[in-house]
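Participant:
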Amino acid sequence: MSTSTQQSSAGPATSAPSQGALGGHEKQAPWVPWAVFGAAAAVALAISLLTGWNIVLFVIYTVVLGTLGTYLLSRVTEGSRKATDRLITCLVVSAFGIAMVPLVSLVYEVVRRGAERFDAEFFTASLQGVIGPGGGAYHAIMGTLIITALTTLISVPIGLMTAIYLVEYGTGRLKRSITFFIDVMTGIPSIVAGLFAYALFVLIFGPGIRLGIMGAVALSVLMIPVVVRSAEEVLKLVPNELREAAYALGVPKWRTILKVVIPTAIAGLATGVTLAIARVIGETAPLLITVGITNATNFNPFDGRMATLPVYAYYQLTQPGVPPQEGIDRAWTAALVLIILVMGLNVVARLISRLFAPKTSR
Amino acid sequence: MTSTTSAPPAQQPKSRPGDRIFAGTAKGAGILILVILAGVALFLISESVPALTASPDEIPGDGGLASYIGPLIFGTLLSAMIALLVATPLAVAIALFITFYAPRKLAAGLGYVVDLLAAIPSIVYGFWGIAWLAPRLVPFYRWLEENLGFIPFFTGPVSSSGRTMLTIGLVLAVMILPIVSAISREVFSQVPTLHTEAALALGATRWEMIKMAVIPYGKSGIIGGSMLGLGRALGETMAVAIILSGSAAGITWALITSANPQTIAANIALQFPEETGLGVNTLIASGLALFVITLLVNMLARWVVSRRADFSGAN
Chain X
0 MSTSTQQSSA GPATSAPSQG ALGGHEKQAP WVPWAVFGAA AAVALAISLL
50 TGWNIVLFVI YTVVLGTLGT YLLSRVTEGS RKATDRLITC LVVSAFGIAM
100 VPLVSLVYEV VRRGAERFDA EFFTASLQGV IGPGGGAYHA IMGTLIITAL
150 TTLISVPIGL MTAIYLVEYG TGRLKRSITF FIDVMTGIPS IVAGLFAYAL
200 FVLIFGPGIR LGIMGAVALS VLMIPVVVRS AEEVLKLVPN ELREAAYALG
250 VPKWRTILKV VIPTAIAGLA TGVTLAIARV IGETAPLLIT VGITNATNFN
300 PFDGRMATLP VYAYYQLTQP GVPPQEGIDR AWTAALVLII LVMGLNVVAR
350 LISRLFAPKT SR
Chain R
0 MTSTTSAPPA QQPKSRPGDR IFAGTAKGAG ILILVILAGV ALFLISESVP
50 ALTASPDEIP GDGGLASYIG PLIFGTLLSA MIALLVATPL AVAIALFITF
100 YAPRKLAAGL GYVVDLLAAI PSIVYGFWGI AWLAPRLVPF YRWLEENLGF
150 IPFFTGPVSS SGRTMLTIGL VLAVMILPIV SAISREVFSQ VPTLHTEAAL
200 ALGATRWEMI KMAVIPYGKS GIIGGSMLGL GRALGETMAV AIILSGSAAG
250 ITWALITSAN PQTIAANIAL QFPEETGLGV NTLIASGLAL FVITLLVNML
300 ARWVVSRRAD FSGAN
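So the sequence lines, in the order shown, correspond to chains X and R.
The first sequence begins at 0 in numbering that gives the first Met the number 0 and counts up one residue at a time.
The second sequence begins at 0 in numbering that gives the first Met the number 0 and counts up one residue at a time.
(1) Please report the distance separating the alpha-carbon of Val346 (chain X) from that of Ser352 (chain X).
(2) Using the C-alpha atoms, what's the distance from Gly223 (chain R) back to Ala20 (chain X)?
(3) Against chain R, does Glu108 (chain X) count as a neighbour if the rule is that its beta carbon must be under 8 Å from one of theirs?
(4) If Ala238 (chain R) sits next to Ser121 (chain R), beta carbons under 8 Å apart, how far is it from one beta carbon to the other, in whole angstroms?
(5) Should Gln318 (chain X) be labelled buried (16 or more other beta-carbon atoms within 10 Å of its own) or exposed?
(6) Tell me the rounded alpha-carbon separation between Pro323 (chain X) and Ala124 (chain X).
(7) Take Ser47 (chain X) as the anchor and find which of X:Val35, X:Thr61 and X:Phe36 has the nearest alpha-carbon.
(8) Leaving out five residues on either side along the sequence, give the residues of the same chain with a beta carbon under 6 Å from the beta carbon of Gly267 (chain X).
(9) Check the Cβ of Thr24 (chain R) against every Cβ in chain X and list those closer than 8 Å, keeping chain order.
(10) Does chain X have any CB closer than 8 Å to the CB of Met226 (chain R)?
(11) Could you compute how far the alpha carbon of Arg231 (chain R) sits from the alpha carbon of Leu295 (chain R)?
(12) Which chain R residues sit within Cβ distance under 8 Å of Arg80 (chain X)?
(13) Can the beta-carbon of Ile241 (chain R) be found less than 8 Å from the beta-carbon of Ile129 (chain R)?
(14) Just checking Gly68 (chain X) against the ligand GTP - is the residue's beta carbon closer than 7 Å to any of the ligand's heavy atoms?
(15) Scan the region 265-284 of chain X for residues whose Cβ lies nearer than 9 Å to a Cβ of chain R and list them as they occur along the chain.
(16) When the Cα of Leu36 (chain R) is compared with those of X:Glu243, X:Pro224 and X:Tyr70, which residue comes out closest?
(17) Once you ignore the five residues that flank Arg112 (chain X) on each side, which residues in its own chain have a CB closer than 6 Å to its CB?
(18) Would you call the region 93-109 of chain X in contact with the region 125-143 of chain R, where contact means no fewer than 3 C-beta pairs closer than 8 Å?
(19) Taking only beta-carbon positions, decide if Tyr164 (chain X) is within less than 8 Å of chain R.
(20) Using a 10 Å radius around the Cβ and a threshold of 16 neighbouring Cβ atoms, would you call Ala45 (chain X) buried or exposed?
(21) Compute the distance between the beta-carbons of Val272 (chain X) and Ala118 (chain R), then report whether it is under 8 Å.
(22) Taking Cβ-Cβ distances below 8 Å as the criterion, which residues of the region 32-49 of chain R are in contact with chain X?
(23) Gly22 (chain X) CB to nearest chain R CB: under 8 Å?
(24) I want to know whether the region 86-94 of chain R touches the region 252-266 of chain X - three or more CB-CB distances under 8 Å.
(25) Would you list, in sequence order, the uninterrupted alpha helix (DSSP H) runs of no fewer than 4 residues that lie entirely inside the region 49-125 of chain R?
(26) When burial is assigned at 16 or more other CB atoms within 10 Å of the CB, is Arg301 (chain R) buried or exposed?
(27) With a threshold of 8 Å between beta-carbons, can Thr83 (chain X) be considered close to chain R, or not?
(28) Determine, using beta carbons only, whether Leu199 (chain X) and Val183 (chain X) come nearer to each other than 8 Å.
(29) Smallest Cα separation from Ile221 (chain R): which of R:Leu83, R:Gly249, R:Ala197 and R:Thr275?
(30) Go ahead and label Leu152 (chain X) buried or exposed: buried means 16 or more other beta carbons lie within 10 angstroms of its beta carbon, across all protein chains shown.
(31) Please decide whether Asp328 (chain X) counts as near chain R, where near means a Cβ-Cβ distance under 8 Å.
(32) Kindly say whether Ala212 (chain R), judged by its beta-carbon, lies nearer than 8 Å to any beta-carbon of chain X.
(33) Using the beta-carbon of each residue, which ones in chain R are nearer than 7 Å to Asn299 (chain X)?
(34) Quick check: Gly286 (chain R) and Val191 (chain X), are their CB atoms within less than 8 Å of each other?
(35) Could you name the residues of chain X that Ala130 (chain R) contacts, counting a contact when the two beta carbons are closer than 7 Å?
(36) Run the CB neighbour count on Trp52 (chain X), radius 10 Å, all protein chains shown included, and call it buried at 16 or more, exposed below.
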């Protein structure tokens, strides 16, 4: 419970004698709220020991009692305005605390349950012919890597060229409408992207079709706007002096973009692309309806169903087979691998932007 | 970086083939995006036409398209509204905490931690919701039914697994928290320092400063951000598909029973792998409805956010 920034509001308050409401009151010492919360914790401990120990109730009692105590004490000693201020401070800090509950519990739960099957077999075996214990997600991990690589291959050139168009060439209505529809595209629900890919391939191959490439097309619809947005932001940051210097030396515009603008922005571009990959690698819904699931290893995205890690996790959880525990364990390990992949990509993105940032001293 | 060696003496700068090819490719990529988006709409429409023109008794559920999609739209809107009601105050408070309350040195790191919530794949939220959150909410739901059961939202019987509409609303709230708080944070950090310092100099407490200078300035940002969050929540699929107890209960306001209306996206994910023929067309038609709803919500949100720039008063 941080209340360390009271100086900023207390300073002006004491130097404004014309404010009658504050005039007659003393300023609280900085340790007072902490003492109140300490007392609240002691009372909460007593209550929860009497009614049966429960960590959640203990924390809730502490926060509620501490907030009330701080408010009432401040109301008596400092007046209603300062009291409201302290109340809001408590509420705002608690809100942040509440937001941390899902994050911490989620990571803890996935790591705890996923560690069960986090072994070599999980990464080297497929599910072909596996009933009960054993088996792994080799086929699903390979499927995810192949489909994500294909998605990147489709999305990055289109996204990058569009960003170049918007920053370097675009003018007038076409630029405005592309910008607007990129925004619209960011909001497309992932399942709708999957339906689009399905509807597109059904027109060509007939109903019931499932291909790895369909998944890549569906994911591209989700990835392209992310790439365009981030690349556009980064390209805008390239100083115009660099471009003008190149033009002055007689370099054609396209060579200026390829040899000057893009190398300057490469760190930001790579960061953006990595974050975009992190965004689509965990997508489940579009793959569920376009790629399906299989137990065998399939490396060919143009031939039949493929397994992917998120879909694998979904089916192992909802249709675990007999006995169910084996499938459920595999599902949690798949979820753990997914989180590791996504978090890893996020860390890589931050490293790229830190290590390869353009030298600011020109 | 600038390679002077590769600069050929240009006679006519306008007609270099390299320039024309490159500019053409860039423009083509931009146009391709418009084509893709038009394609999404066109293919969805063309594949849902059979369902739109079919006779009512051929649609799954035998009641016609409207009575099939109706409860799904209701479920989608209900879950997203719960998420919005829970997430918006929380996200604004988090944004305030990071911008105005947290120690300066920690602020950036705390912002990154909140953004981590957005990085977690939605299927993992489903796992977490069904295994961790739902069982822990059951005692709370029992308490709600006993004490507030007279309100239609909290009528029993309470689901024993906790896989209810309210659980889904809370999970969706966690999922949209990062985007709403990110946009609120961005707007709050743009509040002119002159305004906040003027308020403090006049003797305002920190809360009064926020109430007088920050909230009025950031109001449309908060509204726009929460509507973008609403768009997210409407289209969320896997978490709902895993957590929500799957029985088509029609339209009901009861939030804590085990009979809940499905959402459009979750219904597609659950039914699509097994459907054939007209069933697929019906699902695509429901996807079209979802597409239109999220499109409208997102366009409205963008409009609200962009409108703020025009009369911001910062200049």
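Backbone N, C-alpha and C fix where the C-beta goes; we use that ideal spot for every residue, glycine too.
Because the structure is a prediction, the values reported are computed rather than measured.
Facilitator: Let me lay it out:
(1) In a straight line, the C-alpha of Val346 (chain X) is about 10 Å away from that of Ser352 (chain X).
(2) With a pLDDT of 45 at Ala20 (chain X), under the threshold of 50, the predicted position of this residue should be treated as unreliable, though the coordinate-derived value follows. Ala20 (chain X) and Gly223 (chain R) have their C-alpha atoms spaced approximately 37 Å apart.
(3) yes
(4) 5 Å
(5) Classification of Gln318 (chain X): exposed, given that the 10 Å Cβ count is below 16.
(6) Approximately 19 Å between the Cα atoms of the pair.
(7) Ranking the options by Cα distance to Ser47 (chain X), first place goes to X:Thr61.
(8) Val233
(9) Contact note: Thr24 (chain R) reaches chain X through Met160, using a C-beta cutoff of 8 Å and chain order.
(10) no
(11) Cα to Cα, the separation comes out at about 13 Å.
(12) Thr204 and Glu207
(13) yes
(14) The ligand GTP is not part of the structure shown, which contains no ligands of any sort.
(15) Leu274, Ala277, Arg278, Ile280, Gly281, Glu282, Thr283 and Ala284
(16) X:Pro224
(17) Around Arg112 (chain X): Trp331.
(18) At 8 Å Cβ cutoff, the stretches touch.
(19) yes
(20) The residue in question, Ala45 (chain X), is exposed, as its Cβ has fewer than 16 Cβ neighbours within 10 Å.
(21) One thing to note: Val272 (chain X) has its Cβ no nearer than 8 Å to the Cβ of Ala118 (chain R).
(22) Ile32, Leu33, Ile35, Leu36, Gly38, Val39, Phe42, Leu43, Ser45 and Glu46
(23) Per-residue confidence for Gly22 (chain X) stands at a pLDDT of 46, beneath the threshold of 50, marking its modelled position as unreliable; no derived number is given.
(24) no
(25) 63-95 and 103-118
(26) buried
(27) Chain R, which has a Cβ nearer than 8 Å to the Cβ of Thr83 (chain X), makes this yes.
(28) no
(29) R:Leu83
(30) exposed
(31) no
(32) no
(33) The contacting residues do not exist; Asn299 (chain X) stays about 21 Å from chain R at best.
(34) yes
(35) Glu108
(36) exposed
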